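A short write-up of the structure that comes next.
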DNA sequence: AATCGGCTCAACCGCTATTGT
DNA sequence: GACAATAGCGGTTGAGCCGAT
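In the UniProt record's numbering, the protein residues as written are 1 to 233.
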């Protein structure tokens, strides 16, 4: 495939963003939306590639981003979602409103992974690395059976959502968003999560097995009841 | 005060998926 | 259907900060 390179090397700036650049990007997006990221930098007067602009916006400048320390609840949610979804950070991010996949990924790599290792838990399998005490075993049995169930559910749900998305292309549904959501967040994790929250009927359409492609890590909205039950463990 | 090492996190890179022609 | 352009994802890097020595 003729894929364009990450950034044309011709004089485009790299590295940390300056406040002026942030301001230019923000001002442009507020006025016009991002439209085509590829075309945005020249229109906004930025010497950056579109990808860099998109990253800056989604990971830092978006108004619906919460920054700062992760709460205990968020931390537990990440641990449990990671046990279920693996390193699918964007999928995990859909369940943590206002957190970006990049932020969650960083937090996982710098804090949670180490914490689990310290506790004698394999951060990949989420199983005890050695024979821990009986209490741990019982706890993990509960978790594993729950997670296994949830994983099946998740796979099936992905397929259903995929079908739903295809239907929407044919027959677009009216948008119900009304919050801080900028016009540019339509394809972001948070946006999709909120969007799909109103489409939970898809669960009724669950197939028996699935092969949700790895790349399709968008649109993970869980029914609150199930997610709530899941996060209790 | 200097410097060393570990940690954090914003940003980059390479890839795949999706969309358009 | 083939190809090109674009969007998005996950892994990795490196600059800057901070505490220990």
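We put the beta carbon where it would ideally sit given N, CA and C, even for glycine.
Bear in mind that the values here come from a model prediction, so they are computed numbers and not experimental data.
Can you list, in chain order, the residues of its chain with a C-beta nearer than 8 Å to that of residue i? Leave out the 5 residues immediately preceding and following it.
| i | result |
| --- | --- |
| residue 24 | 44, 45 and 46 |
| residue 53 | 25, 34, 37, 40, 41, 44 and 46 |
Could you pull out every residue in the same chain whose Cβ sits closer than 6 Å to the Cβ of residue i, ignoring the five residues on either side in sequence?
| i | result |
| --- | --- |
| residue 26 | 61 |
Count the other CB atoms within 10 Å of the CB of residue i; is the residue buried (16 or more) or exposed (fewer)?
| i | result |
| --- | --- |
| residue 117 | exposed |
| residue 18 | exposed |
| residue 71 | exposed |
| residue 82 | buried |
| residue 80 | buried |
| residue 234 | This structure cannot settle anything about residue 234, because the visible part of the chain is limited to 1 through 233. |
| residue 16 | exposed |
Alpha carbon to alpha carbon, how far is residue j from residue i? Give it in angstroms, no decimals.
| i | j | result |
| --- | --- | --- |
| residue 86 | residue 65 | 23 Å |
| residue 111 | residue 88 | 17 Å |
| residue 67 | residue 97 | 11 Å |
| residue 49 | residue 58 | 15 Å |
| residue 14 | residue 28 | 19 Å |
| residue 99 | residue 12 | 29 Å |
| residue 124 | residue 31 | 44 Å |
| residue 114 | residue 69 | 17 Å |
| residue 127 | residue 84 | 12 Å |
| residue 74 | residue 109 | 15 Å |
| residue 170 | residue 55 | With a pLDDT of 41 at residue 170, under the threshold of 50, the predicted position of this residue should be treated as unreliable, though the coordinate-derived value follows. Rounded to the nearest angstrom, the two C-alpha atoms are 30 Å apart. |
Can you name the residues that DSSP bridges to residue i?
| i | result |
| --- | --- |
| residue 128 | 121 |
Ordered along the chain, which non-local residues of its own chain (more than five positions away) have a Cβ less than 7 Å from that of residue i?
| i | result |
| --- | --- |
| residue 104 | 78, 89, 92, 93 and 96 |
| residue 243 | What is shown of the chain runs 1 to 233, which leaves residue 243 out entirely. |
Fully enclosed by the stretch 70-103, which alpha helix (DSSP H) runs are 4 residues long or longer? Counting only runs of 4 or more, we get 72-85 and 89-93.
Enumerated in chain order, which unbroken segments of the beta strand (DSSP E) with a length of 3 residues or greater are wholly contained in the UniProt domain "HTH myb-type" (9-61)? Taking only runs of at least 3 residues, no beta strand (DSSP E) segment lies wholly in the UniProt domain "HTH myb-type" (9-61).
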